[in-house]
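Asker:
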Amino acid sequence: MNLKHLSTSVIGLLALSACQQPVVHIYHEGLSDTQRFQLKQQFEQQKISYEFTELTTPDKYNTPHLLYFPGDVTEAYIQNVERIVKGLGFERFDSQVFSQTGHYYTKGNLGLYFPSAYSERVLPELLFAHNCGDQDFQINIKTNGQWTAMNSPVDIKGLKLEWEFSEPFLTLRRHFDDGTYQQQAYQAKQHQVRTLQGYKPAVTYEVLGHRTYSFSLFNCDLQAIFAD
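This note's numbering numbers the first residue of the sequence shown as 1049 and each following residue consecutively.
#1: Using only the alpha-carbon positions, how far apart do Asn1128 and Glu1254 sit?
#2: Mind checking whether Arg1221 and Leu1209 have CB atoms under 8 Å apart?
#3: Please go through the same chain and pick out, in chain order, the residues whose beta-carbon is closer than 7 Å to the beta-carbon of Phe1100, but skip the five residues on each side of it.
#4: Should Gln1144 go down as buried or exposed, given a rule of 16 or more other Cβ atoms within 10 Å for buried?
#5: CA-CA distance, Phe1217 and Pro1118?
#6: CA-CA distance, Lys1190 and Val1072?
#7: Apart from the five residues just before and just after Gln1068, which ones in its own chain have a Cβ nearer than 6 Å to its Cβ?
#8: With 16 other CB atoms within 10 Å as the buried threshold, where does Tyr1229 fall?
#9: Helix, strand or coil, according to DSSP, for Leu1087 in the structure here?
Here you go:
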């Protein structure tokens, strides 16, 4: 190859490099399958290059974080990622220039970290009444497949109460002596809630059936808020 051809090749490679999109490496273990699909769909529509990584999100990230090198992306790019992330149900999004600690990538590579301190795959032991007025009872999920309620507005003494969990769906049942039963089904939604200690990860099990049961425990959503 003569010098002229060599120069042309080098210029071509430099031009190609300049046109390449930065790649977002997504730490996604805290996302549901639905959120993961929506994120993939939105990134592809916006032509944002990405890769899902199986690495664990560092514990210090309790809200979605985007880390990047100076000059890799524009403010408009960051705002676009923020809009997509908040569209998944997260109330907060943080972005910052990378630091050496906990960031494994080189220039042209970004890290998008979703909090992994909680997951809808694990059913919390204690769930609090939510979205049902002044009800303040708590549902206690027992490892033997039964459940009970603390501060219950109805008498549950002697009732046979069972639960089933198949990600992301929770079912609570109340059995009667004649062999019949009532049940309510819920679907888990991951999100962030604002507390006195700042934003915390949470999961809310939202009612899928009607909210007119005489057994009022079945008319409320159920929520758990997680510590860092």
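Idealized CB from N, CA, C, for every residue including glycine.
These figures come from a predicted structure and were not determined experimentally.
Answerer: Per the coordinate set shown:
#1: 29 Å
#2: yes
#3: Ile1074 and His1076
#4: exposed
#5: 43 Å
#6: 41 Å
#7: none
#8: exposed
#9: helix
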